[in-house]
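Each residue of the sequence shown is one higher than the one before, counting from 1 in full-length UniProt numbering.
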Amino acid sequence: MCASVRKFARDTQKIKTLETPRERSRRDRRAAAAVSDKPQAAPTTATPVAGPSAGPQASTAGLSSEQLTAAQAPAAVATTARREKVLNAETPKFHSLAYYPDSVEQDGTLDSHTTQNSEGAHRRPKRDYAKTNKRNHVGQIANRQRRRQLLRAMQARRERELAEAARRTAAATAQNLNDARQMERVARAAHRAAASADFVKDLKTHLRCRALRLQDDEQDQVFTRDELNDVEIHKSKLYTHATMRINFTTYDMRRDQDSVNPRTCAAVMVDAQGSATQHPYHYAWVLGIFHAEVRLKSQNKPFEPVEFLWIRWLQHDKRYHWGWKAKRLPRFSFLPHTHPDAFGFLDPNNVLRGAHLIPAFAHGRTRDLLPPSIVRKNVENDEDWRYMHANFFVDRDMIMRYRKGDGVGHRTMSCTNELTVINNGAAEEDMDVDPYPEQDFGVVDGTEGYVVDDADWEYVPDEDDDLPQPEQPQEEFNEDGEPLLGHEAELDHIGLATL
């Protein structure tokens with residue numbers, strides 16, 4: 001290729017070529033502009049000379065240098081001749097011809113590349129220059145470019161973090177899918193553990209209520225066998241989860257979060273408004289966290305994920321006096337396994353917060369509430385705490401939930417029990433002495449009463465009936481020798497006697 005170019009230069013050497021008229025006029029204009037830019041000497045004043053030969057000199061006398069140059073420029077342009085043009089092969093364009101074949105084999109043809117990016121790179125500095133104050137514009141343009149570079153780096157870092165979070169979420173989802181349990185296997189385990197004889201029936205009842213968007217007061221209805229068979233669980237699989245996080249709004253309108261773990265922190269609380277109860281909240285013990293793909297066959301809709309909790313309900317000890325005046329925490333106990341509502345399922349959206357339940361160590365443990373079961377941990381020796389106290393002093397938000405009207409972010413809770421005080425007021429009756437201090441409260445077949453012994457249950461009549469008055473306890477003293485009135489001695493072991 002280079003030899004062909006040199007041969008072409010030799011063959012055309014004798015051919016005389018001239019520049020075009022347009023090239024000549026452009027060259028003349030550049031020459032005139034260069035002359036006008038040069039500094040001119042101050043013009044001298046000439047004396048007009050009479051006679052015909054003095055006409056041209058007289059016409060230029062007294063003119064400025066610019067006017068003199070403008071007057072002489074047309075004559076210079078008119079006398080310029082066209083220059084001869086020769087082929088110059090010593091340019092980068094001809095020198096690059098030898099590299100074109102190798103470049104085409106390596107990078108492709110020339111029409112597959114563009115200089116648009118490089119040619120358009122000057123547009124950004126021009127836009128930045130328009131935004132400066134035109135003084136020290138170089139530094140201002142550099143600052144703007146530096147800011148853009150930092151923002152791009154921040155955006156790239158953010159995208160990497162999102163990608164990593166998505167990867168972790170996908171890994172966690174895959175792990176949860178690997179933790180799938182066959183529903184029949186879970187039901188058999190629950191039945192053998194005496195946890196729930198109708199696990200599948202209760203689960204499908206709960207899922208059907210969720211699918212039909214039923215309200216809380218409408219979920220007590222009984223469905224027929226055909227209606228329960230209408231609930232379809234994809235592949236009959238339940239997917240387990242290790243923990244659950246509850247987002248809630250505190251009393252001062254701030255966001256907070258509780259973590260629920262069936263192996264460690266398993267107690268939760270739900271709203272009891274609208275139910276026949278003497279306590280503003282229900283408490284439950286989470287046994288398992290699940291989700292499943294569920295649909296109703298009759299609706300002919302795709303499967304949707306439904307999250308639910310398998311729980312064990314606790315009952316409120318209605319005869320145990322608690323509140324601000326009584327200086328006691330509310331007391332709860334597990335429902336006996338023979339009670340139809342001892343176990344159930346709960347929508348995680350109905351959970352208000354995680355709860356802190358303190359065992360009543362003075363009453364010890366019992367095996368009467370539930371036979372040996374897998375719902376307990378091995379270290380519990382198949383025993384349950386007979387009573388547990390709900391600690392509402394765990395944080396400020398929990399205190400405000402038990403103070404009537406003081407929770408800015410919570411609706412007012414009330415209690416129907418006249419003997420229970422959850423506000424700043426005081427109960428009319430004396431609450432220092434339990435009506436049956438030596439007896440325990442329990443439920444059998446839906447009937448509430450106090451346990452006389454381990455085998456017999458005694459029905460508790462209404463408060464208006466005449467009840468035998470218990471014997472007054474003997475007076476006890478504390479370490480300082482001061483008498484403890486009423487049941488302050490019994491409260492002393494949990495540190496509430498001095499409140």
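Built from N, CA and C at the ideal position, the CB exists for glycine as well.
Can you list, in chain order, the residues of its chain whose CB lies under 7 Å from that of residue i, leaving out five sequence neighbours each side?
i: residue 223; result: 205 and 208
i: residue 322; result: 328, 329, 330, 331 and 420
i: residue 394; result: 356
i: residue 306; result: 207, 210, 291, 292 and 294
Restricting to Cα atoms, I'd like to know which of the options is closest to residue i.
i: residue 333; options: 390, 10 and 288; result: 390
i: residue 90; options: 139, 272 and 6; result: 6
i: residue 289; options: 281, 325 and 351; result: 351
i: residue 243; options: 264, 255 and 210; result: 264
i: residue 301; options: 211, 164, 376 and 221; result: 211
i: residue 24; options: 340, 149 and 82; result: 82
i: residue 246; options: 354, 309, 379 and 165; result: 354
i: residue 398; options: 314, 249 and 303; result: 249
i: residue 386; options: 341, 252, 315 and 377; result: 315
i: residue 240; options: 284, 228, 216 and 309; result: 309
i: residue 256; options: 102, 128, 227 and 396; result: 396
i: residue 317; options: 272, 335 and 305; result: 335
i: residue 261; options: 113, 307 and 286; result: 286
i: residue 299; options: 227, 153, 312 and 284; result: 227
i: residue 313; options: 324, 305, 344 and 291; result: 344
i: residue 366; options: 358, 374 and 380; result: 380
i: residue 123; options: 1, 104, 145 and 109; result: 145
i: residue 324; options: 254, 252, 284 and 400; result: 400
i: residue 126; options: 137, 237 and 169; result: 137
i: residue 251; options: 111, 402 and 106; result: 402
i: residue 368; options: 375, 358, 384 and 374; result: 384
i: residue 237; options: 214, 200 and 218; result: 200
i: residue 2; options: 107, 95 and 33; result: 95
i: residue 282; options: 303, 311, 259 and 304; result: 311
Where does residue i sit, in a helix, a strand or coil, going by DSSP?
i: residue 19; result: coil
i: residue 140; result: helix
i: residue 38; result: coil
i: residue 84; result: strand
i: residue 298; result: helix
i: residue 199; result: helix
i: residue 4; result: helix
i: residue 390; result: strand
i: residue 338; result: coil
i: residue 375; result: coil
i: residue 330; result: coil
i: residue 155; result: helix
i: residue 315; result: strand
i: residue 352; result: strand
i: residue 288; result: strand
i: residue 361; result: helix
i: residue 28; result: helix
i: residue 366; result: strand
i: residue 293; result: strand
i: residue 395; result: coil
i: residue 161; result: helix
i: residue 307; result: strand
i: residue 347; result: coil
i: residue 382; result: coil
Taking 6 Å as the limit between beta carbons, can you name the residues of its chain near residue i, skipping five residues before and five after?
i: residue 446; result: Residue placement at residue 446 is flagged as unreliable, the pLDDT there being 45, under the threshold of 50; a coordinate-derived value is accordingly withheld.
i: residue 140; result: 132
i: residue 165; result: none
Spatial neighbours of residue i within its chain, please: C-beta separation below 8 Å, excluding the five flanking residues on both sides.
i: residue 202; result: 196, 343, 344 and 345
i: residue 341; result: 313 and 335
i: residue 129; result: 137 and 141
i: residue 464; result: Summary for residue 464: the model assigns pLDDT 45, below 50, so the residue's position carries little reliability, and this model does not support an answer.
**Message:** Is it the case that the segment 14-25 contacts the segment 84-104, given that we only count it when at least three CB pairs across the two stretches are under 8 Å?
**Reply:** yes
**Item:** Every unbroken beta strand (DSSP E) inside the segment 202-284 [3 residues or more]
**Value:** 231-233, 237-241, 244-249, 255-260 and 267-271
**alpha helix (DSSP H) runs wholly inside the segment 89-113, at least 4 long, in chain order** = 92-95 and 100-107
**Prompt:** With contact counted as at least three CB pairs below 8 Å, one residue from each stretch, are the segment 222-236 and the segment 288-295 in contact?
**Reply:** yes
**Request:** Could you tell me whether the segment 260-272 touches the segment 358-374, where touching means 3 or more Cβ pairs closer than 8 Å?
**Result:** no
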